[in-house]
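Contents: one structure, followed by commentary.
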Amino acid sequence: MPDPAADVAGVVLAGGLGRRMGDGDKCLRPLGGQPLIAHVIARARPQVATLLLNVNDSASAAELSRFGLPIAPDVVTGFAGPLAGILTAMRWAQASAPSCRWLASFAADTPFLPLDLVERLRAAVADDSARDGAAIACAASGGRSHPVIALWPVALADDLEAAVTVENIRKIDAWTARYAVRHVSFAIEAGDDPFFNVNTPQDLTRAAERLTAADRSNACRQKR
1 MPDPAADVAG
11 VVLAGGLGRR
21 MGDGDKCLRP
31 LGGQPLIAHV
41 IARARPQVAT
51 LLLNVNDSAS
61 AAELSRFGLP
71 IAPDVVTGFA
81 GPLAGILTAM
91 RWAQASAPSC
101 RWLASFAADT
111 PFLPLDLVER
121 LRAAVADDSA
131 RDGAAIACAA
141 SGGRSHPVIA
151 LWPVALADDL
161 EAAVTVENIR
171 KIDAWTARYA
181 VRHVSFAIEA
191 GDDPFFNVNT
201 PQDLTRAAER
211 LTAADRSNAC
221 RQKR
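To convert, note that position 207 of the sequence shown is 207 in full-length UniProt numbering; the numbers rise steadily by one, no gaps.
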C-alpha cells in the first residue's frame, strides 16, 4: 500500500518574531530538556517525505543548523509573515523535492502536534486534488481553525508569489479565501488542545507541565 505522505514535503515555520516571549529565538527556548522546536521536528518529521526549516534571517539559520535539516531563509525580504515562509517552502520543494506535490506546514511553537496530522489532511483533499488541484486542507480544533498548520498544493506557488509580492497580502485567510479549503477537526482531549502554541513565558510553563503529566501517564501505563 503506498505511503500517503510520499508526495508531501514539510516545513517548520521558524520565522516568527516572538515579541511576547522576550529576547532570543522563541523556538529555541528549552522545553523538557530540549529546544521547543525539537518537539515539533520530532512529531513532524516522520509524517512527511522530507522536512525543511524556514527562517527569516541568517542568525536563526546558524542556530538551527544543529538539527541537520535543510534550512531556507524567506525568499521575500523583510518580515512578511507565514505566507512568505510557505512560499519559500514551495519554491524549495519545486527545486529540491520535485516528487512532492504537496506541502505540509507546521508552526515552530506547537509541540503537541497530532501524529496523524498529515495523513488526515492528505485524506481530506484526496478527491478534490484529482479534480481541480487547488484544494487546501487546514487543521482545526475546538471550533477554531489553525491556518498556519495546513496542507498546500505546491502548484499554487506562482499564485502565492503574486499575492505576496504584487498584492502585498500578508494574512493567510485573505489568500486562501480564493480556493477550496477543507477544515479537518482534531479532538481536544482532557482539555489539551493538540495545537496549543507557546507565545509567552507562561505558555512555556504550561507546556512543560503538560509534558510532565504525559510522561507520568506513560510511566503508569508501562507499569501495568
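C-beta atoms are modelled at their ideal positions from N, C-alpha and C, and glycine is treated no differently.
Source: prediction; values computed, not measured.
Residue j beta carbon less than 8 Å from that of residue i
{"i": "residue 111", "j": "residue 12", "result": "no"}
{"i": "residue 135", "j": "residue 180", "result": "yes"}
{"i": "residue 122", "j": "residue 92", "result": "no"}
{"i": "residue 195", "j": "residue 146", "result": "yes"}
{"i": "residue 43", "j": "residue 115", "result": "yes"}
{"i": "residue 37", "j": "residue 28", "result": "yes"}
{"i": "residue 211", "j": "residue 69", "result": "no"}
Continuous alpha helix (DSSP H) stretch holding residue i: start and end
{"i": "residue 96", "result": "82 to 96"}
{"i": "residue 50", "result": "First-last for residue 50: 50 to 55, but that is the beta strand (DSSP E), not the alpha helix (DSSP H)."}
{"i": "residue 172", "result": "172 to 176"}
Inter-residue Cα distance where the pair is residue i and residue j
{"i": "residue 204", "j": "residue 104", "result": "25 Å"}
{"i": "residue 118", "j": "residue 186", "result": "12 Å"}
{"i": "residue 82", "j": "residue 155", "result": "18 Å"}
{"i": "residue 157", "j": "residue 140", "result": "24 Å"}
{"i": "residue 66", "j": "residue 173", "result": "33 Å"}
{"i": "residue 198", "j": "residue 178", "result": "30 Å"}
Residue i in three-state terms, based on DSSP
{"i": "residue 154", "result": "helix"}
{"i": "residue 113", "result": "coil"}
{"i": "residue 201", "result": "helix"}
{"i": "residue 182", "result": "strand"}
{"i": "residue 189", "result": "strand"}
{"i": "residue 12", "result": "strand"}
{"i": "residue 144", "result": "strand"}
{"i": "residue 129", "result": "No answer about residue 129 holds up, because its pLDDT of 49 lies below 50 and its placement is not dependable."}
Residue i: first and last residue of the uninterrupted beta strand (DSSP E) it sits in
{"i": "residue 103", "result": "102 to 107"}
{"i": "residue 36", "result": "First-last for residue 36: 36 to 44, but that is the alpha helix (DSSP H), not the beta strand (DSSP E)."}
{"i": "residue 71", "result": "71 to 73"}
{"i": "residue 65", "result": "Premise fails: residue 65 is in no beta strand (DSSP E) and is neither H nor E."}
{"i": "residue 141", "result": "136 to 141"}
Environment of residue i [buried if 16+ CB atoms lie within 10 Å]
{"i": "residue 206", "result": "exposed"}
{"i": "residue 85", "result": "buried"}
{"i": "residue 171", "result": "exposed"}
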